[in-house]
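Asker:
Residue numbers (the UniProt record's numbering): 1 to 205.
1. In terms of residues, what are the limits of the alpha helix (DSSP H) holding residue 173?
2. Looking at the structure shown, is residue 24 part of a helix, part of a strand, or coil, going by DSSP?
3. Applying the 10 Å Cβ sphere with the 16-neighbour rule, what's the burial state of residue 181?
4. Give me, in chain order, the residues of the same chain whose beta-carbon lies closer than 7 Å to that of residue 145; leave out the 5 immediate sequence neighbours on both sides.
5. Could you check whether the segment 22 to 40 touches the segment 153 to 172, counting it as contact only if at least three pairs of C-beta atoms, one from each stretch, sit closer than 8 Å?
6. Quick check: the Cα distance between residue 102 and residue 45, rounded to an integer number of angstroms?
7. Could you please give the first and the last residue of the uninterrupted alpha helix (DSSP H) stretch that includes residue 164?
8. Tell whether a beta-carbon distance below 8 Å holds between residue 177 and residue 119.
9. Quick check on residue 101: does DSSP put it in helix, strand or coil?
10. Mapping DSSP to helix, strand and coil, what is residue 119?
11. Buried or exposed for residue 58, going by 16 or more other Cβ atoms inside 10 Å?
12. Pull up the distance between the alpha-carbon of residue 168 and that of residue 28, whole angstroms please.
13. Under 8 Å: do the segment 119 to 139 and the segment 14 to 26 share three or more Cβ pairs, one atom per stretch?
14. Closer than 7 Å: is that where the CB of residue 201 sits relative to any heavy atom of the ligand SAM?
15. Helix, strand or coil for residue 55 per DSSP?
16. Tell me the DSSP secondary structure of residue 33 in three-state form.
17. Residue 16 lies in the alpha helix (DSSP H); which residues open and close that run?
18. Could you round the C-beta distance between residue 98 and residue 73 to whole angstroms and report it? I think they count as a contact, below 8 Å.
19. From what residue to what residue does the alpha helix (DSSP H) around residue 128 run?
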């Protein structure tokens, strides 16, 4: 991670915030590290003389908006292709992810978008699925990017305040994700238990 960060710093020293934006756009799609590590790295860079906190935060959020909007548009494109050539449903990576996102939306509605950014395995799928499901863009943006703002703030601030003290960022990120997943499972179990009890109390004895 140290060598990668040095390369990033060199790029930013030459091109400033534009370098940060371009790197994040590419990284959110292609870098073989968790997206959370990119957010933490941005927070850490905001503590240096190269960048200042508020503009850095704004650039990071702009890259997330671009990333999510592009996924949404790809989802709408997949839907249009499916309508025009229904017999040519190739199993591309994008289509597979879009179908997974659509399944989540069909099951949980817009709630799926409200927590999608916190889990890497559905972060790309849900925006694709929302585009494929013809959800209006403004509804997609309000729900998804509100969640994204909280997600970004959490990891950006960790990088800003504690980035220099965390030795293994990837392990740290996966630990946080697992903890969030466990918390989500607990919430679902509790809500399901309350639903079962309420339904049981309403049924005739």
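All C-beta atoms in this analysis are idealised placements derived from N, C-alpha and C, irrespective of residue type, glycine included. These numbers come from a predicted model, not from an experiment.
Answerer: So, from the data block:
1. The residue given as residue 173 occupies position 173 in the chain shown. 169 to 202 is the span of the alpha helix (DSSP H), which, as asked, contains residue 173.
2. Counted from its first residue, the chain shown places residue 24 at position 24. Helix at residue 24.
3. For the purposes of this step, residue 181 is taken as residue 181 along the chain shown, with counting starting at 1. So residue 181 ends up on the exposed side.
4. As a position in the chain shown, residue 145 is number 145, starting the count at 1. Same-chain partners within the cutoff: 65, 68.
5. yes
6. Sequence index remark: in the chain shown, residue 102 carries index 102 (1-based). Sequence index remark: in the chain shown, residue 45 carries index 45 (1-based). Residue 102 and residue 45: Cα-Cα distance of roughly 36 Å.
7. The sequence position of residue 164 within the chain shown is 164, counting from 1. From DSSP, residue 164 is part of no alpha helix (DSSP H); its letter is neither H nor E.
8. Sequence index remark: in the chain shown, residue 177 carries index 177 (1-based). Sequence index remark: in the chain shown, residue 119 carries index 119 (1-based). Cβ atoms of residue 177 and residue 119: closer than 8 Å.
9. Taking the chain shown and counting its residues from 1, one reaches residue 101 at position 101. Looking at residue 101 - three-state DSSP - the assignment turns out to be helix.
10. Indexing the chain shown from 1 puts residue 119 at position 119. Coil.
11. Locating residue 58 in the chain shown gives position 58, counting from the first residue. So residue 58 ends up on the exposed side.
12. On the chain shown, position 168 is the one that residue 168 refers to. On the chain shown, position 28 is the one that residue 28 refers to. Going by the C-alpha atoms only, they are around 20 Å apart.
13. no
14. Absence of the ligand SAM from the depicted structure is noted, as is the absence of any ligand whatsoever, leaving it without description.
15. Along the chain shown, read from residue 1 onward, the residue named residue 55 stands at position 55. Helix.
16. Taking the chain shown and counting its residues from 1, one reaches residue 33 at position 33. Correct three-state label for residue 33: coil.
17. Along the chain shown, one-based indexing puts residue 16 at 16. That residue, residue 16, is in no alpha helix (DSSP H); it is neither H nor E in DSSP.
18. If you number the chain shown from 1, residue 98 lands on position 98. If you number the chain shown from 1, residue 73 lands on position 73. Contact flag wrong, Cβ pair sits at about 12 Å.
19. Within the chain shown, residue 128 is the residue found at index 128, counting from 1. Start and end: 125 to 132.
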